[in-house]
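K.L.:
Protein chains in written order, with the numbering used here: chain A, 8 to 389; chain B, 4 to 155; chain C, 102 to 380. Don't be surprised by glycine CBs; every beta carbon is placed ideally from N, CA and C. The structure presented is a predicted model; accordingly, all values stated were derived computationally and were not measured.
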Amino acid sequence: MTETAKSVISLDGLQALIDALAAKNYQVLGPTVHDGAIIYDAITKTADLPAGWTDRQDGGRYRLERRDDDALFGFVVGPHSWKQFLHPAKETLWKASRGPDGIVVTAEEPSPQKLAFLGVRSCELAAIAVQDKVFCEGPYLDVPYAERRKDAFIVAVNCGEAGGTCFCVSMQTGPKAEAGFDVALTELHHNGAHEFLVEVGSESGAALMQDVPHRPASNEQVSAAEAAVANATNQMGRTLDTNGLKELLQGNSNHPQWDAVAERCLSCGNCTMVCPTCFCTTVDDHSDLSGDNAERVRKWDSCFTLDFSYIHGGSVRTATRSRYRQWMTHKLASWYDQFGTSGCVGCGRCITWCPVGIDITEEAAAIRAAPMSDKEKPNERP
Amino acid sequence: MKGLEDILREHPFLSGFSPEQSDLIVGCARNHRFNAGQYLFHEGDPADEFFLIRRGKVALEIVAPGKPPIVFATLGEGEIVGASWLVAPHRTMFDARAVELTRAIGIDAACLRGKCDEDHSLGYEMMKAFLPILVQRLNATRLQILDVYGRA
Amino acid sequence: MSAAPQLDPFLPDIYSVRDVRRELPDTVTLEVAPKAGARPDFEPGQFNMLYAFGIGEIAISLSGSAGSGETFIHTVREVGAVSAAISKLEVGAELGLRGPYGAGWPVNEAEGSDVVFVAGGLGLAPLRPAILHVLANRNRYGRVVLLFGSRNPTELLYRDELADWRQRLDVDIDVTVDHADAEWRGNVGVVPALIPRAAFDPTDTIAFVCGPEVMMRFSVAALRDAGVPLDHVYVSMERNMKCAIGLCGHCQFGPTFVCKDGPVMRFDAIADIFSIREI
Chain A
8 MTETAKSVIS LDGLQALIDA LAAKNYQVLG PTVHDGAIIY DAITKTADLP
58 AGWTDRQDGG RYRLERRDDD ALFGFVVGPH SWKQFLHPAK ETLWKASRGP
108 DGIVVTAEEP SPQKLAFLGV RSCELAAIAV QDKVFCEGPY LDVPYAERRK
158 DAFIVAVNCG EAGGTCFCVS MQTGPKAEAG FDVALTELHH NGAHEFLVEV
208 GSESGAALMQ DVPHRPASNE QVSAAEAAVA NATNQMGRTL DTNGLKELLQ
258 GNSNHPQWDA VAERCLSCGN CTMVCPTCFC TTVDDHSDLS GDNAERVRKW
308 DSCFTLDFSY IHGGSVRTAT RSRYRQWMTH KLASWYDQFG TSGCVGCGRC
358 ITWCPVGIDI TEEAAAIRAA PMSDKEKPNE RP
Chain B
4 MKGLEDILRE HPFLSGFSPE QSDLIVGCAR NHRFNAGQYL FHEGDPADEF
54 FLIRRGKVAL EIVAPGKPPI VFATLGEGEI VGASWLVAPH RTMFDARAVE
104 LTRAIGIDAA CLRGKCDEDH SLGYEMMKAF LPILVQRLNA TRLQILDVYG
154 RA
Chain C
102 MSAAPQLDPF LPDIYSVRDV RRELPDTVTL EVAPKAGARP DFEPGQFNML
152 YAFGIGEIAI SLSGSAGSGE TFIHTVREVG AVSAAISKLE VGAELGLRGP
202 YGAGWPVNEA EGSDVVFVAG GLGLAPLRPA ILHVLANRNR YGRVVLLFGS
252 RNPTELLYRD ELADWRQRLD VDIDVTVDHA DAEWRGNVGV VPALIPRAAF
302 DPTDTIAFVC GPEVMMRFSV AALRDAGVPL DHVYVSMERN MKCAIGLCGH
352 CQFGPTFVCK DGPVMRFDAI ADIFSIREI
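1) Roughly how many angstroms separate the alpha carbons of lysine 183 of chain A and aspartate 55 of chain A, rounded to a whole number?
2) Do alanine 167 of chain C and proline 145 of chain C have their beta-carbon atoms positioned less than 9 angstroms apart in this structure?
3) With distance defined between alpha-carbon atoms, name the residue in C/Thr128, C/Leu125, C/Pro141 nearest to tyrosine 116 of chain C.
4) Pick from A/Glu168, A/Leu339, A/Glu194: whose alpha carbon is nearest that of glutamine 242 of chain A?
5) Got a sec: is the Cβ-Cβ distance from glycine 153 of chain B to anything in chain C below 9 angstroms?
6) Am I right that glutamate 154 of chain A and proline 117 of chain A are in contact with their C-beta atoms under 8 angstroms? What's the rounded C-beta distance?
7) Taking 9 angstroms as the threshold (beta carbon to beta carbon), is glycine 59 of chain A in contact with chain C?
8) Does any C-beta atom of chain B lie closer than 9 angstroms to the C-beta of threonine 277 of chain C?
9) Closer than 9 angstroms by beta-carbon distance: list the chain A residues that pair up with valine 180 of chain C, in chain order.
10) Closest to leucine 247 of chain A by C-alpha separation, out of A/Leu36, A/Ile374, A/Trp265, A/Phe142, would be which residue?
11) Measuring only between beta-carbons, confirm whether phenylalanine 218 of chain C sits less than 9 angstroms from chain A.
12) Go ahead and pull the three-state DSSP assignment for glutamate 8 of chain B.
13) Let me confirm a value: serine 230 of chain A is counted as buried when at least 16 other C-beta atoms fall within 10 Å, else exposed. Which label applies?
14) Which residues of the segment 126 to 141 of chain C have a Cβ closer than 7 angstroms to any Cβ of chain B? Give them in chain order.
15) Determine the contact status of threonine 99 of chain A and glutamate 270 of chain A, defining contact as a CB-CB distance below 9 angstroms.
16) I'd like to confirm the pairing. Which residues does DSSP put opposite histidine 35 of chain B in its beta bridges?
17) From the beta carbon of valine 74 of chain B, is the nearest beta carbon of chain C less than 9 angstroms away?
18) Here's the rule I'm using: 16 or more other beta-carbon atoms within 10 Å means buried, otherwise exposed. How should aspartate 77 of chain A be labelled?
19) Express the C-alpha separation of cysteine 354 of chain A and leucine 248 of chain C in angstroms, rounding to a whole number.
20) Check whether the Cβ atoms of glycine 79 of chain B and phenylalanine 53 of chain B sit closer than 9 angstroms, and answer yes or no.
21) Alpha carbons only, please: which of B/Thr95, B/Ile56, B/Ala62, B/Trp88 is nearest the one belonging to glutamate 46 of chain B?
22) Using beta carbons (cut-off 9 angstroms, strictly below), is valine 29 of chain B in contact with chain C?
23) Could you give the DSSP three-state label for cysteine 119 of chain B: helix, strand or coil?
24) May I have the straight-line CA-CA distance separating alanine 91 of chain B from leucine 324 of chain C, to the nearest angstrom?
25) With 9 angstroms as the threshold, decide whether the Cβ of arginine 303 of chain A is near any Cβ in chain C.
26) Using a Cβ-Cβ cut-off of 7 angstroms (strictly less than) and excluding sequence neighbours within five positions of methionine 102 of chain C, which residues of its own chain qualify?
27) Of all Cβ atoms in chain C, is any one closer than 9 angstroms to the Cβ of glutamate 103 of chain B?
28) Out of C/Phe375, C/Ile346, C/Ile371, state which residue places its alpha-carbon closest to the alpha-carbon of threonine 289 of chain A.
29) Kindly list, in the order they appear in chain A, the residues whose Cβ is closer than 8 angstroms to that of leucine 163 of chain C.
30) Quick check on DSSP: helix, strand or coil for isoleucine 83 of chain B?
31) Under 9 angstroms between the Cβ atoms of valine 321 of chain C and proline 303 of chain C?
32) Who are the near neighbours of tyrosine 343 of chain A in its chain, counting only those whose CB is closer than 8 angstroms to its CB and skipping five residues on each side?
33) As a quick exercise: from A/Ala267, A/Asn198, A/Asn226, A/Trp307, pick the residue whose alpha carbon is nearest that of cysteine 344 of chain C.
34) Within 10 angstroms of the Cβ of lysine 338 of chain A, are there 16 or more other Cβ atoms? Answer buried if so, exposed if not.
35) Roughly how many angstroms lie between the CA atoms of leucine 89 of chain B and cysteine 278 of chain A, to the nearest whole one?
36) For the pair the segment 84 to 91 of chain A and the segment 15 to 32 of chain A, tell me if three or more CB-CB distances fall below 8 angstroms.
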């Protein structure tokens, strides 16, 4: 069966793949260099991809640097994630008008544009799967998300190198794309050839490959792809011990480490904006000057704002320690209660894009190093 | 008709005391009846008696000049009015007014203090009986000052 | 991914105001009916999202009878822009409505047991459907006690109805206020102080508690001290609700979403987080 057999495409083959997607009426989105970062945007040619670029990342640090080869995917993840397309930062949910017949509410028509994502990393596949759980598997379906998601075509790319803040191995989300893609690529520089090993992950992936010139992969090429992924695993510098982490965090709500991290945390919310799983939103209701036309706009929100937990009279989480604790405990612990999975995929974005370099793996390790039970400590009990 | 002794022994306040200790307390007790509007005591009075309410309702009030009296608590059947008798200089800190016909047992404070000074185990039991009531009222006061039903 | 067309849970239905009753200077009760079709069924303790045109949406508990009927009843207090706009709606005015949502009071599970309602301030409103249900099915329950605390005698919610309920011999009602002048003949003190005085069997009682969170903390402690097991105590939680359907993240309370795991929660399930500050 061609679906399971691995094949190889050339650089021209990759262009053919992009063209084939465009021919099937997908808007192809992929990595491209913009303003000193690799972001996700519309692409039409392989030349739009960040050839020869890599990213150097550490806590609070992100720089693009030149590679000594012409790799198209020789970097990891930047400030963008695919979340911005499936769960946009701002979208109108509905419009309403008020006339002689009263109020009429009209749902916003979903965009007919199908999206294809090129260059989805394994951690990002995991993040999409997490958001699928949040938006599509609860008692209520997030209809706008589900509409975009059902038509999305995913071209994954396996990581051949680890980024400076990656810890997908700890989160068991990478570096190899195992599921959740239509087609997965591994970039190969082998015997002087620049090629891509292709794995097909779905029927639509197989259908697409019929329009893309490819040849069967040799054992050598398969081994080279495996070696690339193994290289990324071996390079990974950060770890997060997830063993008993949920109970550890939920049992340490009053740990002094929350005060320590609050000393550094600016409560800016960057971590929530770059996180590929953070899903929280608020809504704005507007009306026009006539007062007869209104709309509801949904926007990304962050648990780091005071407004987020506002109930009449004031905010529940006034202290930075409480907001950081909420974010991290939600991500690494409560997510299991709510969605049966971790909310962290180990992509490292929150570490890189934190202006003060707060590292979620270090924060978790600090609590693990000196856990305190909530029960042992004085509490605000009645 | 039940005697004072039987009535007192049935009051929840005495449940923690031994029969011998109850006898000592009964020796300091007398019966009271307060009509609606009648005061059990006024702020600043010597705290020479405290009351175990048998029936009725007692309002505790504080008066500020130029304002109507503020009722900060009401007490009913099975509850105790007055704790200042335990603490020197034994002066009451508020007014206590019967809201409706109230029957109570008064305990002579000087009598009971004397017995507690002589018999420290009686004094200890008395403290154990009073302290939870004081803590409970302190907690209630905390909740009251939070004004939780206010708008903000 | 689900391929079948789905109802969009973000879209409000249009309701119109049938009746307005001013309860308190800042509180009104609205009766609203759907502009088209029948109103959905609901359970006591659930809430709706009410939308004031162009201004916004807020979560308001249902406070009418959960029995059959054409309308929803909501008691709304003016605390912000949306509640103020909704409070000003007149008969015939339209508003958007989504719901009902959330987990309600377990009135059926409480059958056969004594029932103690502990309400504080506006917290009587979310309890009202449960009270009405229990009173309408009075023979299915043991002793029924309603303990209600308010700020002062002029801010007592549902004053007339309380007076009607007091006429019944099969329910014990005790009302207390935090502050009163000498004219007030009733109790003064906090509502938890009524709990040790109330007549119920603590070993076979279901307690429904609703009011400001601090009042609920003290009330649960008093119920516990009275011997009521914490798995027989239910509280109604308040958190910021935006979407009401578990998709926006705002109402998180520890591992729960108040909008879908609550608002009514069995106390033992949240006992560990209930007293953690700023959780």
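P.N.:
Judging by the given coordinates:
1) 24 angstroms
2) yes
3) Cα-wise, what sits closest to tyrosine 116 of chain C is C/Pro141.
4) A/Glu168
5) yes
6) 4 angstroms
7) no
8) yes
9) His319, Gly320
10) For the residues A/Leu36, A/Ile374, A/Trp265, A/Phe142, the minimum Cα distance to leucine 247 of chain A belongs to A/Ile374.
11) no
12) helix
13) exposed
14) In summary, no residue of the segment 126 to 141 of chain C has a CB separated from any CB of chain B by less than 7 angstroms.
15) no
16) B/Ala107
17) yes
18) exposed
19) 53 angstroms
20) no
21) B/Thr95
22) no
23) helix
24) 34 angstroms
25) It does; some Cβ of chain C falls within 9 angstroms.
26) Because methionine 102 of chain C sits at a pLDDT of 41, beneath the cut-off of 50, its placement in the model cannot be relied upon, and the following sentence gives the value as read from the coordinates. There are no such residues.
27) yes
28) Measuring C-alpha to C-alpha distances from threonine 289 of chain A to each of C/Phe375, C/Ile346, C/Ile371 identifies C/Ile346 as the nearest.
29) Here the premise fails: no neighbours, minimum Cβ distance about 19 angstroms.
30) strand
31) no
32) If we look at tyrosine 343 of chain A and ignore the five residues flanking it on each side, its Cβ neighbours are Lys253, Ser349.
33) A/Trp307
34) buried
35) Using only the alpha carbons, I get a separation of about 59 angstroms.
36) no
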